[in-house]
Amino acid sequence: MLAAYITYYLSSKAGVNNWLAMLIFAVIMALVGILMERICFRPFYTEFSRVVMISVALMTMLQQTATILSGSQTLSIQSYAQGATNLGITTVSNEKLVAFAVGGVLLLITLYIVYRTKLGMEMEAVAQDRLGASLQGIPINRVSALVCGLGFALAAVSGSMMGAYQQLSPYMGDNINIRILMLVMLAGAGSMNGIIVTGVIMALLDSVCPVFFQSYVASAMSCSVIVILLLIRPKGFFGHEM
0 MLAAYITYYL SSKAGVNNWL AMLIFAVIMA LVGILMERIC FRPFYTEFSR
50 VVMISVALMT MLQQTATILS GSQTLSIQSY AQGATNLGIT TVSNEKLVAF
100 AVGGVLLLIT LYIVYRTKLG MEMEAVAQDR LGASLQGIPI NRVSALVCGL
150 GFALAAVSGS MMGAYQQLSP YMGDNINIRI LMLVMLAGAG SMNGIIVTGV
200 IMALLDSVCP VFFQSYVASA MSCSVIVILL LIRPKGFFGH EM
């Protein structure tokens, strides 16, 4: 949400190119993420409930600030790609195709970092056993800060892309937050491959159900399927216990 608003003001008010605005804010948010990890999250890494409370408080503060600043204005970011493409069975806007392509590239980069780099191995070690990783000489605080910065940067890119094909709103991130929570629970903690597979399943449910049912019924049905799957496999389908 914050990325969408900042990208809008940089591109519409300051005349900065959309792509450049997104890149600038992604870098800024990466630095903010590193700072937030140090100030807000690191002191409570053993108390997950407090981390969640801090995150919810920050989210609420940002939403209320955006509401005050934007008021009732209807805002949207200038399009990253005009027009639409006929794919044979359906027509898709180029905006969504560009968002899909950017997301795919970022996913591949993230997978490479996780599975092919020293940082990725350190991330896995810290996620599995923070104390054990520290005893092996891994700089756990630096790894946590870098991961948090990476997460903030990815969120900035996705927010900027979303803001170009839907109206800006202080609460535009609520729906995706719910989807992320469901995705992680269904995939299981610690499994990147599981997140990809279950992400495809959820996307198919969200795409196919509305074809046959009204939007609110389709949303309820897709959520119900996920709840049933969680009843069958409470720990998720691909994850390991952390």
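If you count by numbering that gives the first Met the number 0, then the sequence shown holds residues 0 to 241, one letter each, in order. Cβ atoms here follow ideal geometry from the backbone N, Cα and C, with glycine treated the same way. These figures come from a predicted structure and were not determined experimentally.
Distance between residue j and residue i (C-alpha atoms, nearest Å)
{"i": "Arg38", "j": "Leu145", "result": "For the sequence presented, residue 38 should be read as Ile rather than Arg. Going from the Cα of Ile38 to the Cα of Leu145 covers about 14 Å."}
{"i": "Arg141", "j": "Val55", "result": "24 Å"}
{"i": "Ser159", "j": "Met122", "result": "27 Å"}
{"i": "Cys222", "j": "Gly87", "result": "30 Å"}
{"i": "Ser43", "j": "Arg49", "result": "Reading off the sequence, residue 43 comes out as Phe, not Ser. About 7 Å."}
{"i": "Thr89", "j": "Gly102", "result": "21 Å"}
{"i": "Val51", "j": "Gln72", "result": "31 Å"}
{"i": "Leu96", "j": "Met120", "result": "32 Å"}
{"i": "Gly70", "j": "Ser11", "result": "17 Å"}
{"i": "Thr116", "j": "Pro138", "result": "15 Å"}
{"i": "Val224", "j": "Val216", "result": "12 Å"}
{"i": "Ala155", "j": "Ile53", "result": "19 Å"}
{"i": "Thr253", "j": "Met171", "result": "Past the boundaries of the shown model lies residue 253; the chain is included only from 0 to 241, so the question cannot be answered."}
{"i": "Met181", "j": "Met201", "result": "9 Å"}
{"i": "Gly242", "j": "Met58", "result": "Since the first residue of the chain shown is 0 and the last is 241, residue 242 is not available in this structure."}
Simplified DSSP assignment, three categories, for residue i
{"i": "Thr92", "result": "Position check: residue 92 holds Ser in this sequence, whereas Thr was assumed. Here Ser92 sits in strand by DSSP."}
{"i": "Thr64", "result": "helix"}
{"i": "Leu167", "result": "coil"}
{"i": "Asn192", "result": "helix"}
{"i": "Arg49", "result": "helix"}
{"i": "Ala13", "result": "coil"}
{"i": "Lys234", "result": "coil"}
{"i": "Thr6", "result": "helix"}
{"i": "Leu74", "result": "coil"}
{"i": "Tyr44", "result": "coil"}
{"i": "Met58", "result": "helix"}
{"i": "Gly172", "result": "coil"}
{"i": "Pro138", "result": "coil"}
{"i": "Gly187", "result": "coil"}
{"i": "Phe212", "result": "coil"}
{"i": "Asp205", "result": "helix"}
{"i": "Gly162", "result": "coil"}
{"i": "Thr109", "result": "helix"}
Neighbour-count burial assignment, residue i, 16 or more Cβ in a 10 Å radius
{"i": "Tyr7", "result": "buried"}
{"i": "Ala237", "result": "Note that residue 237 is Phe in the sequence shown here, rather than Ala. Its Cβ being crowded by 16 or more others within 10 Å, Phe237 is buried."}
{"i": "Ile194", "result": "buried"}
{"i": "Lys234", "result": "exposed"}
{"i": "Asn16", "result": "exposed"}
{"i": "Phe99", "result": "exposed"}
{"i": "Ile227", "result": "exposed"}
{"i": "Phe151", "result": "buried"}
{"i": "Glu46", "result": "exposed"}
{"i": "Ala219", "result": "exposed"}
{"i": "Thr64", "result": "exposed"}
{"i": "Met60", "result": "exposed"}
One or two residues paired with residue i in a DSSP bridge
{"i": "Ala83", "result": "Ser92"}
Checklist entry - Does the segment 74-83 touch the segment 145-163, meaning 3 or more C-beta pairs lie closer than 8 Å? => result yes
Next on the checklist: Tell me whether the segment 205-216 and the segment 123-139 touch, counting them as touching only if at least three CB pairs, one residue from each stretch, are closer than 8 Å.
Outcome noted: no
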